[in-house]
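Remarks on the structure that follows.
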Amino acid sequence: MKRILYAIQGTGNGHMARALVLLPLLKKYFKVDVLISGRQSNLSPPFEIQFRCSGLSFVYDKSGGLSYSKTLLENNLGKIVREIKSLPVHQYDLIINDFEPISAYAAKLRGVPSLAFSHQASFLSKNTPRPSRKSLVGEFILKHYAPCSHSIGLHFRRYEKWILPPVIRPEILESNPVDSGEFVVYLPAYGDSVLWKILSKIDAPFRVFSKYAAFWYKKGNVTFEPANAKEFSRRLISCSGVITGAGFETPAEALYLRKKLLCIPIKGQYEQYCNAEALRQLNVKVLDKLSTKAVQNWLIEGSSADWPERSMAGRLTEKIPDLIYSIIDGQGIDQIIPLEANVAENTW
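Counting from 1, one number per residue, gives the positions in the sequence shown under full-length UniProt numbering.
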């Protein structure tokens, strides 16, 4: 049985959510070890972790923007180099990498095949949407943070043959969406008091999942509760609409559920600016800044976006083992994922 090291970036919810979907499938076909790195590498997910690394973590300021100075100061370069050199990647047939730098550079150093399987990998394509003002630093990070010998990107559209639809969690795929009349809000860059000031002036019920709230409480038309993945999924399935950042996983799940969607990219996060442009092309409402008037207008004008890739998203996991075997055997991915004349319009 082929041996695989599955490497996860421990910062951010999306990487871990994807691992929870993919690892059970991979373990049916391969012997899989797991590595996690980053500022949250002490997490205790429901699967065994063989390697924990400090890695290279991004540090954000109070407004949610990326702080380059703090990122440089709070990462130990010497330790990063030691972790890269000591990781036994030579024991594996393939490294599957979800935007994780230690395993990526260790594999590159030793010539071990590696597969970037992440949303960030999609930005290796020039066809992936970008904002009108590109960031040289942002582009550099996306391309060089976790370089791999092979890439499968995940995005809202198939901009290339090697870019697939998002991995959608089973509880979302198998759900029966309803409309409760309530709007779900997940904006960790905004404090509870700021959100209440904006949303309390609107004649609609809102449920805010907050990283700041220690317990459930309600103020007028706005309910606040601690961020919880299981409860968030339940409310997402039953809500009328979603207000969130311009990340990847939450907007993708909202699109899959055909929910009305409003996105506000976090200041200074270039990847979110890129996602915002892609969402605009799907006719999703995107704001530069949250305001009462903008939300009111969205409630009146907005409707669920038409997502052409919706039908493909639920079938993504069927392809993954074949893709991995193809890469290990040196065949590439062309025979597994066909390329049509217009990639962004094709179907499997």
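Ideal Cβ positions, reconstructed from N, Cα and C, are used throughout, including at glycine.
What you are looking at is a predicted structure, and each value in this text was computed from that prediction instead of being measured.
Roughly how many whole angstroms lie between the Cα atoms of residue i and residue j?
| i | j | result |
| --- | --- | --- |
| L115 | F206 | 40 Å |
| K85 | Y159 | 35 Å |
| L323 | S149 | 14 Å |
| I327 | W298 | 45 Å |
| K293 | I202 | 9 Å |
| Y308 | H155 | Looking at the sequence shown, residue 308 is not Tyr but Pro. Between P308 and H155, the C-alpha separation is close to 12 Å. |
| N127 | T250 | 23 Å |
| L199 | E253 | 23 Å |
| V194 | I266 | 15 Å |
| residue 414 | I300 | Absent from the structure is residue 414, since the part of the chain shown begins at 1 and ends at 348. |
| I320 | A107 | 21 Å |
| E83 | V89 | 11 Å |
| F209 | L173 | 22 Å |
| F30 | I4 | 7 Å |
| L339 | Q269 | Because the pLDDT of L339 is 42, which lies under 50, any placement of that residue in the model is unreliable, and the number read from its coordinates should be weighed accordingly. Distance between the alpha carbons of L339 and Q269: 31 Å. |
For the alpha helix (DSSP H) containing residue i, name the first residue and the last one.
| i | result |
| --- | --- |
| R110 | P101 to R110 |
| N75 | Segment: none, N75 is in no alpha helix (DSSP H) and carries neither H nor E. |
| E271 | Y270 to Q281 |
| S326 | I320 to I328 |
| A19 | N13 to L26 |
| K143 | L136 to H144 |
| Q91 | It is not in any alpha helix (DSSP H) - Q91 carries neither H nor E in the DSSP assignment. |
| I172 | P170 to L173 |
| S238 | A229 to S238 |
| K293 | T292 to E301 |
What are the boundary residues of the beta strand (DSSP E) that includes residue i?
| i | result |
| --- | --- |
| I152 | H150 to L154 |
| residue 353 | Residue 353 lies beyond the stretch modelled for the chain, which goes from 1 to 348, so this question has no answer here. |
| S311 | That residue, S311, is in no beta strand (DSSP E); its alpha helix (DSSP H) goes R310 to A313. |
| I198 | No beta strand (DSSP E) holds I198; the alpha helix (DSSP H) holding it covers D192 to L199. |
| N97 | L94 to D98 |
| Y256 | Here Y256 belongs to no beta strand (DSSP E); instead the alpha helix (DSSP H) covers E249 to Y256. |
| V242 | G241 to T244 |
| R52 | F51 to C53 |
| S122 | Looking at the DSSP string, S122 is not in any beta strand (DSSP E), and its letter there is neither H nor E. |
| K211 | K211 -> no beta strand (DSSP E), and no H or E assigned at all. |
| I8 | R3 to Q9 |
| V167 | Per DSSP, V167 belongs to no beta strand (DSSP E) and is neither H nor E. |
| I36 | K31 to S37 |
| F183 | F183 to Y186 |
What do you get for residue i, buried or exposed, if any count of 16 or more other CB atoms within 10 angstroms of its CB means buried?
| i | result |
| --- | --- |
| G138 | buried |
| F140 | exposed |
| H119 | buried |
| N42 | At N42 the pLDDT is 48, less than 50, meaning the model places this residue with poor confidence and gives no usable figure here. |
| G10 | buried |
| N228 | exposed |
| K260 | buried |
| S303 | exposed |
| residue 371 | In the structure as shown, the chain begins at 1 and stops at 348. Residue 371 is therefore absent and cannot be evaluated. |
| D98 | buried |
| Q272 | buried |
| M1 | exposed |
| K134 | exposed |
| P46 | exposed |
| N76 | exposed |
| P170 | exposed |
| H144 | exposed |
| R315 | exposed |
Would you say residue i reaches chain E, if we count a Cβ-Cβ gap shorter than 7 Å as a contact?
| i | result |
| --- | --- |
| E100 | Among the protein chains of the structure shown there is no chain E, as only one such chain exists. |
Given 8 Å, three or more beta-carbon pairs between the stretch 276-287 and the stretch 237-256:
yes
Can you find at least 3 beta carbon pairs, one from the stretch 177-186 and one from the stretch 225-244, that sit closer than 8 Å?
yes
Three CB pairs or more closer than 8 Å across the stretch 283-292 and the stretch 206-224:
no
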